[in-house]
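> Before I ask anything, let me first share the structure, which is written out below as structure tokens.
Protein chains in written order, with UniProt numbering: chain A, 1 to 279; chain B, 1 to 286.
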């Protein structure tokens, strides 16, 4: 396995009795970075994370981790905790269940978010419960941290704080993070690597900067054909004007103009395309 | 027992200890000369140990895995670092010691109760026998209950249905095996003309004709009436025309029967625990 890869997936598939949840997924996670797993609801994000976490056996394919110290922590979407355990008990549980445990890191995380240590988890707010889940995961000093919709039950302020703390943890510990979300707007400034899942299939994967650089929005006079060669993701014709979102970075002559795409545009275009192909 | 097992199970363990403590306080304080108390004593003797085993099945076994699924905490405690099967093996292993200790406590208290009932009456009720009190049998009855509960929890993945399934299946097992199958675990011996020895386990009785064929009671009466119309009653009791028989398990076989029943419960305990482990492994590993 090559240097700088935290986790590699080859031909991963998961079939439930009737439904195919994942189909032939292959990708690599760059080490020490934050990758985003994006897809609509039901695209297979949770299935993929559960397989990576070892909670669900894949029907085909495999997950490879580099040799040496390799440990995965998973924070499930429900942020499960033992409701009758105090927060302190949850940290003790973390210390018992992990071969490596950093109590100070976990305590620091909880202190950062003002989570009382002696309260039973069932009596904490949803946001505080999420913080306890994060603290237990961070305290186990994983090499790969899998987060399923980590920001979903946090208020906007807490979201920003959690993201900031996560990023500093990534820098401090060389941890690799894969977080899923269906809210593309959550990603800006967080993830620098993207995995896009559409209906169980990997639609797109790569570094966000590379992906953005490889796509352009072209606008110009109404035309059925795009101004440059390349794959057209979205074409729209309004009044006398046509726009094409394309996988292309060719320059274009007037009257056409080329604009960079936003991550949100790109993700939505790719997902819509994948859906159109499937239909 | 580790801190984690204790922390996860302490309410159920404390509840079981409290129940047994109540049992231990009640038994020496029953006044067996009073009719009401001696009926209560018989009831406690017959139902106490099975009730304990049922509590173990329903409240210790069934929620053990089901609760983790129900609250999604399995996603927290089972993952690559700590395999699910190991988690199950550790929880079961660590609960065995308290189970054995509590079962022995129940056994000792029930023995005290048995001695008190026997001492208080010349003819103790027929359902008051020390059969179930053989410690290995009583222990495997509890372990089978525990295993059954865990397997039900593994299949149902939700506490309340798992507890319901466990209750029904375990009750059916105890009633079926204890009340119906037990006398037939070995083919009973037939005593004709004489009664079975004292201390036998009765199985059944009936009538035979001269050739040794079993007769229904009405056939026996008809035959007696045909031969000796005046003294049907006398004929039936005399063994001249129709003979009475008693099927029973003699006292020297009781231990063999206990051993067979011990084997059945031990097999159920082993099979249910192994099945739960295998189901979990299949679920987690392709």
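Backbone N, C-alpha and C define an ideal beta-carbon position, used for all residues, glycine too.
1. Considering only residues of the same chain and omitting the five flanking positions on each side of residue 50 of chain A, which have a CB-CB separation below 6 Å?
2. Assign residue 273 of chain A to one of three DSSP states: helix, strand, or coil.
3. So with CB distances below 8 Å, who are the chain A contacts of residue 280 of chain B?
4. Under a Cβ-count criterion, where at least 16 other Cβ atoms within 10 Å of its own Cβ denotes burial, should residue 143 of chain A be classed as buried or exposed?
5. Check each candidate in B:256, B:127 and B:58 and name the one with the smallest Cα separation from residue 41 of chain B.
6. Of all the options A:17, A:255, A:77 and A:211, which has the alpha carbon lying nearest to the alpha carbon of residue 154 of chain A?
7. Nearest to residue 231 of chain A by alpha carbon, out of A:29, A:85, A:266 and A:99?
8. Would the stretch 261-277 of chain A and the stretch 175-187 of chain A be scored as touching if the rule is three or more Cβ pairs under 8 Å?
9. Using the three-state DSSP reduction, which class does residue 14 of chain A fall into: helix, strand or coil?
10. CB-CB under 6 Å to residue 144 of chain B, same chain, minus the five flanking residues each way: which ones, in chain order?
11. Which bits of chain A does residue 4 of chain B rub up against, with CB to CB less than 9 Å?
12. Classify residue 179 of chain A as buried or exposed, calling it buried when 16 or more other Cβ atoms lie within 10 Å of its own Cβ.
13. Run through chain E and tell me which residues come within less than 7 Å of residue 89 of chain A, C-beta to C-beta.
14. How would you write the range of the beta strand (DSSP E) that residue 188 of chain B sits in, first residue to last?
15. 9 Å is my cut-off, CB to CB: does residue 85 of chain A come that close to chain B?
16. Where residue 210 of chain A and residue 18 of chain A are concerned, what is the direct C-alpha to C-alpha distance, given to the nearest angstrom?
17. For residue 29 of chain B, which of B:221, B:135, B:44 and B:226 has the nearest alpha-carbon?
18. Interface residues of chain B around residue 80 of chain A at Cβ under 7 Å?
19. Are residue 9 of chain B and residue 60 of chain B touching if we call contact CB-CB under 9 Å?
20. Hey, does residue 242 of chain A have any beta-carbon neighbour from chain B nearer than 9 Å?
21. Under a Cβ-count criterion, where at least 16 other Cβ atoms within 10 Å of its own Cβ denotes burial, should residue 111 of chain A be classed as buried or exposed?
22. Below 9 Å between beta carbons: does that hold for residue 121 of chain A and residue 87 of chain A?
23. Kindly indicate which three-state DSSP category residue 24 of chain A falls into: helix, strand or coil?
24. Looking at C-alpha atoms only, which residue of B:114, B:50 and B:3 is the closest neighbour of residue 140 of chain B?
25. Under 9 Å between the Cβ atoms of residue 251 of chain A and residue 221 of chain A?
26. Is the CB-CB distance between residue 85 of chain A and residue 202 of chain A below 9 Å?
27. Over what stretch of residues does the beta strand (DSSP E) that includes residue 144 of chain A continue unbroken?
28. Pick out whichever of A:197, A:263, A:240 and A:218 has its Cα sitting closest to the Cα of residue 253 of chain A.
29. Measure from the C-beta of residue 82 of chain B to each C-beta in chain A and report whether the shortest distance is under 9 Å.
30. Indicate whether at least one CB of chain B lies closer than 9 Å to the CB of residue 220 of chain A.
31. List, in order along the chain, the chain A residues whose C-beta lies closer than 7 Å to that of residue 79 of chain B?
32. Helix, strand or coil for residue 41 of chain A, going by three-state DSSP, please let me know.
33. How far does the beta strand (DSSP E) with residue 180 of chain A in it extend, from its first residue to its last?
34. Report all residues from its chain with a CB closer than 7 Å to the CB of residue 214 of chain A; omit the five preceding and five following residues, and keep chain order.
35. Looking at C-beta atoms only, is the number of pairs between the stretch 198-216 of chain B and the stretch 246-259 of chain B that lie closer than 8 Å three or more?
36. Helix, strand or coil: which one does DSSP assign to residue 1 of chain B?
This is what the structure gives:
1. Take residue 50 of chain A, set aside five residues on each side of it, and the residues of its chain with a beta-carbon closer than 6 Å to its own are 56, in chain order.
2. Residue 273 of chain A falls in the helix class under three-state DSSP.
3. Under the 8 Å cutoff, chain A gives no residues; its nearest Cβ is about 12 Å from residue 280 of chain B.
4. Residue 143 of chain A comes out buried.
5. Minimum Cα distance to residue 41 of chain B is reached at B:127.
6. With distances taken between Cα atoms, residue 154 of chain A lies closest to A:77.
7. Measuring from the Cα of residue 231 of chain A, the nearest candidate turns out to be A:266.
8. With the cut-off at 8 Å, the stretch 261-277 of chain A and the stretch 175-187 of chain A touch.
9. If DSSP states are grouped into helix, strand and coil, residue 14 of chain A belongs with the strands.
10. 265, 268 and 269, listed in sequence order.
11. For the C-beta of residue 4 of chain B, the chain A residues within less than 9 Å are, from N- to C-terminus, 92, 93, 96 and 97.
12. Residue 179 of chain A comes out buried.
13. No chain E appears in this structure, whose protein chains are A and B.
14. Per DSSP, residue 188 of chain B belongs to no beta strand (DSSP E) and is neither H nor E.
15. Yes, because at least one Cβ of chain B sits closer than 9 Å to the Cβ of residue 85 of chain A.
16. C-alpha of residue 210 of chain A to C-alpha of residue 18 of chain A: approximately 37 Å in a straight line.
17. Residue B:44 holds the alpha-carbon nearest to the alpha-carbon of residue 29 of chain B among B:221, B:135, B:44 and B:226.
18. Residues of chain B passing the Cβ test: 71, 72, 73, 75 and 76.
19. A contact, by the Cβ cut-off of 9 Å.
20. It does not: the Cβ of residue 242 of chain A has no partner Cβ on chain B nearer than 9 Å.
21. Exposed: under 16 other Cβ atoms inside 10 Å.
22. Yes, Cβ-Cβ distance for residue 121 of chain A and residue 87 of chain A is below 9 Å.
23. DSSP places residue 24 of chain A in the strand class (E or B) of the three-state scheme.
24. Residue B:50 is the option with its Cα nearest to residue 140 of chain B.
25. No.
26. Not in contact: residue 85 of chain A and residue 202 of chain A (Cβ atoms no closer than 9 Å).
27. Run containing residue 144 of chain A: 144-147, per the beta strand (DSSP E) assignment.
28. Residue 253 of chain A has its Cα closest to that of A:218, out of A:197, A:263, A:240 and A:218.
29. Judged by the 9 Å Cβ criterion, residue 82 of chain B is in contact with chain A.
30. It does not; no Cβ of chain B falls within 9 Å.
31. Near residue 79 of chain B (Cβ distances below 7 Å), the residues of chain A are 53, 54, 55, 72 and 74.
32. Residue 41 of chain A carries a coil assignment under DSSP once its states are collapsed to helix, strand and coil.
33. It spans 176-181 - the beta strand (DSSP E) in which residue 180 of chain A sits, taken as one unbroken run.
34. Annotation for residue 214 of chain A: 247 and 249 place their beta carbon closer than 7 Å to its own, counting only its chain and skipping 5 residues before and after.
35. Verdict: yes, contact present.
36. Assignment of residue 1 of chain B by DSSP, reduced to helix, strand and coil, places it in the coil class.
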